[in-house]
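**Q**
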Amino acid sequence: MLDLSRFQASGRETCFHGRHIAPQIYAGLDGSNWRLADYVARGGYAALKKVLGADGGAGMTPEQVVAEVKASALRGRGGAGFPTGLKWSFMPRNFPGAKYLVCNSDEGEPGTCKDRDILRYNPHIVIEGMAIAAYAMGAASGYNYIHGEIFEVYERFQQALQEARDAGLLGQDILGRGFSFQLHAHHGFGAYICGEETALLESIEGKKGQPRFKPPFPASFGLYGKPTTINNTETFAAVPWIIREGGQAYLEVGKPNNGGTKIYSVVGDVERPGNYEIPMGTPFAKLLELAGGVRGGRALKAVIPGGSSAPVLPASVMMGCTMDYDSIAKAGSMLGSGAVIVMDDTRCMVRSLLRLDYFYMHESCGQCTPCREGTGWLWRIVDRIEHGQGRPEDLALLDSVAENIKGRTICALGEAAAMPVHGMLKHFRDEFAHHIEHKTCLVGAHARDASLPPEGVGIPSGGPAQGRSLAGAAK
Ligand SMILES: Cc1cc2nc3c(=O)[nH]c(=O)nc-3n(C[C@H](O)[C@H](O)[C@H](O)COP(=O)(O)O)c2cc1C
Ligand code: SF4
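Per our numbering, the sequence shown runs over residues -2 to 472.
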């Protein structure tokens, strides 16, 4: 049996390092205090009580809850940064049948590891956030879809759910206030595409996890064809603080249009990789400093600021950015899932793109031709460039293949595969050209990555050349 123990996080290295700034979600966690009593001691469930009027106050109407979330400028933490309050307002108010609430804890974006730490060390904050959201949108049932490869997190969440049910915080007639909400945990099986919201719904329904064509959007046709709201784990985890302290206070923690704190998974070439919760609008330089700077004191070369789908930015651009949706978008990338992939000056961009392209090719669900075939084309072109068999026309071909995927697919995985290509060619074209012209790397000699398959093995056929061994065979 494979021993996976060395991969188990203790939390010490990922989020108990004490280097957060004004944390709201990771505040006061030590790894052992994840249970209901601990959460209540930290002020947990006060927001749910406030909403339901179970604290002796007047309570809040669903409309007031949505208005508070709108005022907070909370934006979805799953990748797109869509305003959460606005999304909640799309749920039909007087729909006669069932409505659902779904939490997206699939977290498959390479580099991202924040949601699992929330669920592992503070599961009740997500349960409370979901209960408040369910009240605001009139949903009587909900699911938390948890990534299949972190089964112990799923098991812990089940335990937390049971604690909440036993305490009357979930289920029928919550806190005796006439509001009922049944919440269940559901685990996936590790496919990246099941993080896409409609593929996730298909997967909960027991079908193959493939995205649906939109529209209709989940707010009108979601789980089992009923109105459904889907939010990311961190999005729900932000809600109790907003309700307790007020939307305006949350907004003021961050900056206009980018309220509150955000958790960044800082990974790659830094001294102290881990999850860092800091206010929106904090300079990137500060985040890098919290993470101990570039490993070994080397120079910063580039950063992928929002998970593997986000276009890379050179160090000079990144050092002028603040960490929020608007600043990163202005610089030509996106905040995405908040995984900050730091690359030092030893990193070869051709090789890095090869690794990314392999991921997207592997994870394409295969429904759309541009994505299914195009991701394989991208991988094969970069593979031959990396291995000294690139052709002069390859850079234009890469641009063209990426361009022809974008906007022609059912879901955004196509864009996610295309955007890194454009980013790399925009900022590091010279490295690709050098590989093609000189058959060597500008950065240094490097061996083939053992995590990639042998050339031509397990790769879908077709495209401009079928792997290095066949390079030149297809024109
Ligand atoms: C290929 C793909 C993978 C995705 N993976 C995730 C994921 O793991 N977690 C997540 O919250 N959102 C993921 N998303 C975004 C979701 O579709 C959806 O926008 C998000 O869950 C909405 O929550 P939010 O508004 O709180 O951000 C993914 C999208 C795509 C296209
Ligand atoms: S874009 Fe790719 S992953 Fe998304 S539905 Fe089409 S084939 Fe599947």
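Cβ coordinates follow ideal geometry from the N, Cα and C atoms, glycine included.
1. Pick helix, strand or coil for Ala137, following the three-state DSSP scheme.
2. Can you grab the Cα-Cα spacing for the pair Gly453 / Asp354, in whole Å?
3. Between Asn272 and chain E, is there a C-beta pair that is closer than 8 Å?
4. Could you tell me which residues DSSP puts in a beta bridge with Asn479?
5. Please confirm whether Leu71 and Ile239 have their CB atoms less than 8 Å apart.
6. Give a single yes or no on whether Ala415 has its beta carbon closer than 7 Å to a heavy atom of ligand 1.
7. Where do the N-terminal and C-terminal ends of the beta strand (DSSP E) with Thr258 fall, by residue?
8. What's the call for Gly53, buried or exposed, on a 16-neighbour Cβ count within 10 Å?
9. State yes or no: is the C-beta of Val291 within less than 8 Å of the C-beta of Met315?
10. Measure the C-alpha to C-alpha separation of Gly373 and His184 and round it to an integer number of angstroms.
11. Please give the ranges of any beta strand (DSSP E) in the segment 331 to 380, keeping only runs that are unbroken, at least 3 residues long and fully inside the region.
12. For the putative contact between Cys12 and Tyr142, defined by C-beta atoms under 8 Å, what is the C-beta separation to the nearest angstrom?
13. What separation, rounded to the nearest whole angstrom, lies between the Cα atoms of Arg465 and Ser217?
14. Between the C-alpha atoms of Gly94 and Lys223, what's the straight-line distance to the nearest angstrom?
15. So Ile129 and Val123 are in contact, right, with Cβ under 8 Å, and what is the actual spacing, rounded?
16. Please confirm whether Ala44 and Arg241 have their CB atoms less than 8 Å apart.
17. Taking Gln245 as part of the beta strand (DSSP E), name the residues at either end of that continuous run.
18. Whole angstroms is fine: what's the gap from Gly173's alpha carbon to Gly135's?
19. Hey, Ala131 and Gly139 are a contact pair by Cβ (cut 8 Å); roughly how many whole angstroms apart?
**A** Reading off the structure:
1. coil
2. Here Gly453 scores only 49 on pLDDT, less than 50, and its place in the model is too uncertain to base an answer on.
3. Of the protein chains in the structure, only one exists, and it is not chain E.
4. In the structure as shown, the chain starts at -2 and stops at 472, and residue 479 therefore has no counterpart that could be examined.
5. yes
6. no
7. Thr258 to Gly265
8. exposed
9. no
10. 29 Å
11. 336 to 341
12. 22 Å between Cβ atoms; not a contact.
13. With a pLDDT of 36 at Arg465, under the threshold of 50, the predicted position of this residue should be treated as unreliable, though the coordinate-derived value follows. In a straight line, the C-alpha of Arg465 is about 47 Å away from that of Ser217.
14. 8 Å
15. Incorrect: roughly 11 Å between the Cβ atoms, too far for contact.
16. yes
17. Here Gln245 belongs to no beta strand (DSSP E); instead the alpha helix (DSSP H) covers Gly244 to Val250.
18. 17 Å
19. 6 Å
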